[in-house]
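If you're matching them up, the sequences are chains G and S in order. To get my numbering, take the position in the first sequence, counting from 1, and add 3. To get my numbering, take the position in the second sequence, counting from 1, and add 3.
2 protein chains.
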Amino acid sequence: MSTPVIAIAGVGLIGGSFGLAMRAAGFTGRLLGVSRPATLEKAIARGAIDAGGTLAEMIPQADVVFLAQPISVILETIGQLGPLLKPGALVTDAGSTKRLIVERAAGLPRFVGGHPMAGKEQQGVESAEEGLFRGRPWILTGDPGAEFTGWLEKIGARIVRLTPEEHDAQVALSSHLPQLLSTALASQLTGQVGTGTAGPGLESMTRLALSSHDLWRDILATNRPAIAAALGQFATVLDEVRGELEHGGLDTRFVKAREFARSIRPK
Amino acid sequence: MSTPVIAIAGVGLIGGSFGLAMRAAGFTGRLLGVSRPATLEKAIARGAIDAGGTLAEMIPQADVVFLAQPISVILETIGQLGPLLKPGALVTDAGSTKRLIVERAAGLPRFVGGHPMAGKEQQGVESAEEGLFRGRPWILTGDPGAEFTGWLEKIGARIVRLTPEEHDAQVALSSHLPQLLSTALASQLTGQVGTGTAGPGLESMTRLALSSHDLWRDILATNRPAIAAALGQFATVLDEVRGELEHGGLDTRFVKAREFARSIRPK
């Protein structure tokens, strides 16, 4: 397959950005989209895909199928792909949790789970940008082969290999826990804090609380055990902090926390 | 006092910005500073003060004394002011907690506690800016009189009146709790999360964790009961969230949290 065909199912922020990024990186094969007609039209106008249609129309043409839908839709699509796939086609995805998706995809001949750790507050193909994945981790649960890996590198992603279980435990800590803490804090302060004492610190701690539950429903539903474990671990740390406030030791914790906060920031 | 003299004790970010803001707002009286000689030199060069010296040299000349030092230094300074104050002089401050400061200042003839809810990550008079207080709350625990209040309005602060107890309970929720949650989260994730799965959400939730304990030592030490109460309240909310993850109800919490997060943001 010298000029492979890629089908992107779900041409929103992630799917659209993937199309734009591939074109910008020099991909000359066809980019097909599967989405609602209005979305396909916008995606074609933006140059994120060349043409679009239904799963039944697009999938049989594709050498690579990239599922960039919400998790619950990815799970549904996986169930429909089997009879449509071209022999040897690679199927991969962008779902924010991996265990359940990889489990469901076990019947597909060639599936590798993926999760680009990129995004922004605005959704939809209107917000897609070719640089969305540049410098950001792209987690893979297996080996999609040299050609696809090479393209991920060309669009600037940093490939990280994790098992589905490792991935879900990691993002429970690095993404799902922070979201729930922000939501918890904002819900707690309702009716107790007004603009009179709200400063920039509270703004940064409630930025994630601006997220809609629609974006989180599937994530929370498909990673419950790991998130529950992360919340339980945080509750233990919170107890320690309460003890240190009373009896000392917060200085050491501040030093450790500061080092961590620095370590995860882009250099 | 047609052209009053103001003495600023502690000419750092807040004290320096106050001097610059007063000048920019048209204040024509003298601005005196009390700080280390090197700091005074920089503050004079920046135009934040006209002259500087020791407490014993500066305070007797001042109609208004503005204490913009760390809390523990404010508490010390209050103990030294009595014999130095000009009759009728107003003393006010910028300390981040108010109960203990107002208690200690009870012996001064005319003291009103203050707390400008402004700041930024960089400290020191080098980072001072005339617009630091614009649009930000400036909490007062009493009435400093029409003249001083008028100047606060001219520098763009939004005056908020709270008792010291109300203030400390409010900032425990709006500022001290968010700081400790950020520090707790960052300390928890040490060794568990690397750059492989750290995204922008984790960055915003660990921004406060970059703060140095030196800036927090006095705040935590002088507001322990209110902070302990805020942490206890958060622990209860966290338990509710853990229950909702298992049994449902997070959708409602997300809606409430989102409304709060929107409500505290500048329009």
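The C-beta atom is built at its ideal place from N, Cα and C for all residues, glycine as well. Just so we're clear, the structure is a prediction, and the values are computed from it rather than from any experiment.
Residue-chain proximity (residue i, chain G), Cβ-Cβ < 8 angstroms
| i | result |
| --- | --- |
| glutamine 191 of chain S | yes |
| leucine 143 of chain S | no |
| arginine 76 of chain S | Residue 76 of chain S is actually valine in this sequence, not arginine. Chain G, which has no Cβ nearer than 8 angstroms to the Cβ of valine 76 of chain S, makes this no. |
| alanine 264 of chain S | yes |
| threonine 198 of chain S | yes |
| leucine 155 of chain S | no |
| arginine 49 of chain S | no |
| arginine 268 of chain S | yes |
| alanine 160 of chain S | no |
| leucine 43 of chain S | no |
Residues near residue i by beta carbon distance below 6 angstroms, same chain, minus five either side
| i | result |
| --- | --- |
| leucine 23 of chain G | Ala51, Ala131, Glu133 |
| proline 112 of chain G | none |
| leucine 34 of chain G | Ile9, Gly22, Ile52, Asp53 |
| histidine 170 of chain G | Lys101, Ile142 |
| leucine 87 of chain S | Ile62, Pro63 |
| proline 140 of chain S | Met120, Arg161, Val163 |
| serine 75 of chain S | Asp221 |
| glutamate 156 of chain S | none |
Simplified DSSP state of residue i, which is helix, strand or coil
| i | result |
| --- | --- |
| arginine 161 of chain S | strand |
| isoleucine 62 of chain S | helix |
| alanine 41 of chain S | helix |
| leucine 211 of chain S | helix |
| isoleucine 104 of chain S | helix |
| glycine 235 of chain S | helix |
| alanine 224 of chain G | helix |
| glutamine 126 of chain S | coil |
| leucine 87 of chain G | helix |
| glutamate 169 of chain G | helix |
| valine 196 of chain G | coil |
| phenylalanine 257 of chain G | helix |
| threonine 266 of chain G | Threonine is not the amino acid found at residue 266 of chain G; the sequence shown has serine there. Residue state, collapsed to three classes: helix. |
| methionine 4 of chain G | Any reading at methionine 4 of chain G is ruled out, since the residue's pLDDT is 46, under 50, leaving its predicted position unreliable. |
| glutamate 206 of chain G | helix |
| leucine 111 of chain G | coil |
| leucine 135 of chain S | coil |
| alanine 99 of chain S | Reading off the sequence shown, one finds serine at residue 99 of chain S, where the question assumed alanine. Three-state DSSP puts serine 99 of chain S in coil, outside helix and strand. |
| glycine 19 of chain G | helix |
Any chain S beta carbon closer than 8 angstroms to residue i
| i | result |
| --- | --- |
| proline 276 of chain G | Because residue 276 of chain G is not part of the residues shown, which for chain G are 4 to 270, the question remains open. |
| arginine 256 of chain G | yes |
| methionine 208 of chain G | yes |
| isoleucine 17 of chain G | no |
| glycine 202 of chain G | yes |
| histidine 216 of chain G | yes |
| leucine 253 of chain G | yes |
| alanine 260 of chain G | yes |
| arginine 245 of chain G | yes |
| leucine 135 of chain G | no |
| leucine 23 of chain G | no |
| leucine 213 of chain G | yes |
| leucine 205 of chain G | yes |
| leucine 248 of chain G | yes |
Residues that residue i bridges to, as DSSP identifies them
| i | result |
| --- | --- |
| histidine 118 of chain G | G:Ile142 |
| phenylalanine 30 of chain G | Phenylalanine 30 of chain G is not bridged to any residue. |
| valine 68 of chain G | G:Ala10, G:Val94 |
| alanine 54 of chain S | S:Leu35 |
Spatial neighbours of residue i in its chain, beta-carbon cut-off 7 angstroms, leaving aside the 5 residues before and after
| i | result |
| --- | --- |
| valine 105 of chain S | Gly116, Thr144, Pro167 |
| lysine 45 of chain S | Val128, Glu129 |
| threonine 6 of chain S | Thr31, Gly32 |
| asparagine 226 of chain G | Thr100, Asp171, Ala175, His179 |
Beta-carbon contacts of residue i that lie in its chain and below 8 angstroms, excluding the five residues immediately before and after
| i | result |
| --- | --- |
| proline 181 of chain G | Leu211 |
| phenylalanine 237 of chain G | Leu180, Leu184 |
| leucine 16 of chain G | Gly122, Lys123, Gln125, Gln126, Gly127, Val128, Ser130, Ala131, Leu135 |
Residue-level contact to chain B via CB, residue i, 8 angstroms cutoff
| i | result |
| --- | --- |
| leucine 84 of chain G | The structure shown contains no chain B; its protein chains are G and S. |
Relative to chain S, which residues along the stretch 163-195 of chain G have a C-beta separation below 7 angstroms, given in chain order? If the cut-off is 7 angstroms between Cβ atoms, the stretch 163-195 of chain G has Val163, Gln173, Val174, Leu176, Ser177, Ser178, Pro181, Gln182, Leu183, Leu184, Ser185, Thr186, Ala187, Leu188, Ala189, Ser190, Gln191, Leu192, Thr193, Gln195 near chain S.
Could you name the residues of the stretch 220-243 of chain G whose beta carbon sits closer than 9 angstroms to any beta carbon of chain S, in the order they occur along the chain? When C-beta distances to chain S are compared with 9 angstroms, the residues of the stretch 220-243 of chain G below that value are Arg220, Leu223, Arg227, Ile230, Ala231, Ala233, Leu234, Gly235, Gln236, Phe237, Ala238, Thr239, Val240, Leu241, Asp242, Glu243, in chain order.
Along the stretch 95-128 of chain G, what residues have a CB closer than 7 angstroms to any CB found in chain S? Along the stretch 95-128 of chain G, going in chain order, the ones with a CB nearer than 7 angstroms to a CB of chain S are Met120.
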